[in-house]
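Numbering follows our numbering, with no gaps: position 36 of the sequence shown is 21. Ideal placement from N, C-alpha and C gives every residue a C-beta, glycine not left out.
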Amino acid sequence: MKIILLKDISTVGKKWESKDVSDGYARNFLLKNKLAMLATEGNIRQLEEQAKSKKAQRERAKGDFHALRAALMERGIVIKKKANETPQKEAGQEVSLYAAVSQKEILEALHALHFPVPGTLEEKSITIEKPIKTAGSHEATLAMGGEKITLKIEVKGEN
């Protein structure tokens, strides 16, 4: 019986592969546990359409990522946070923030500047070496699809 796998099965194959298996194994295990579907013409056509749309979506995201890289080369982003403005500032020390800058705030700042942010860019794609707890210039890394962008972040403390 010809089937299309819906999940990776180590003894049979990988997800979305078309395989020939025995009728009993297909009916009693794979189809019953929703691990596979029958390889009909309609299902195969639907699978091909999904593959095309996923490929187009990846290409669109890659283009957006390159546009974001070009936009960020010209300038960085500015994030305003509540800061502890005490006499430390006068003594030449750094102004400390009440809370560290998070990946979520960085992503929101990118969206607020109306940069072409890829839809697949998530908080976990942003890497900060050490927590940003002081006002001033800092760096973060955006990673997507094996490519990286170094992002310049200017944190300004406000009362």
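Item	Value
Chain-order list of residues whose beta-carbon lies under 7 Å from that of L23 (same chain, five-residue window excluded)	I(-12)
Assigned secondary structure, N69 (DSSP; H/G/I helix, E/B strand, else coil)	strand
Any alpha helix (DSSP H) of 4 or more consecutive residues that is wholly inside the stretch 26 to 107	26 to 59 and 88 to 97
Presumed contact (8 Å Cβ cut-off) between I113 and A128, rounded CB distance	I113 to A128, Cβ: 12 Å. No contact.
Proximity of K(-8) and G(-2) at Cβ, strictly below 7 Å	no
Beta-carbon gap between A120 and A68 smaller than 7 Å	yes
Test item: CB-CB of L(-10) and A21 under 7 Å	yes
Sequence-distant residues of its chain with Cβ nearer than 8 Å to H96 (five each side left out)	V102
Proximity to L32 [Cα-Cα], best of S87, K0, S(-5) and V140	K0
C-beta neighbour in chain B for R12, strict 7 Å	The question asks about chain B, but that chain is absent: this structure has only one protein chain.
Euclidean distance between Cα positions of R45 and L106	12 Å
Residues that DSSP places opposite A21 in a beta bridge	L(-10)
Proximity of K118 and K65 at Cβ, strictly below 7 Å	no
Range of the contiguous beta strand (DSSP E) that encloses I134	E132 to E143
Three-state class that DSSP yields for K109 in the structure shown	helix
Cβ-Cβ separation, L98 to I62 (assumed contact under 8 Å), whole Å	6 Å
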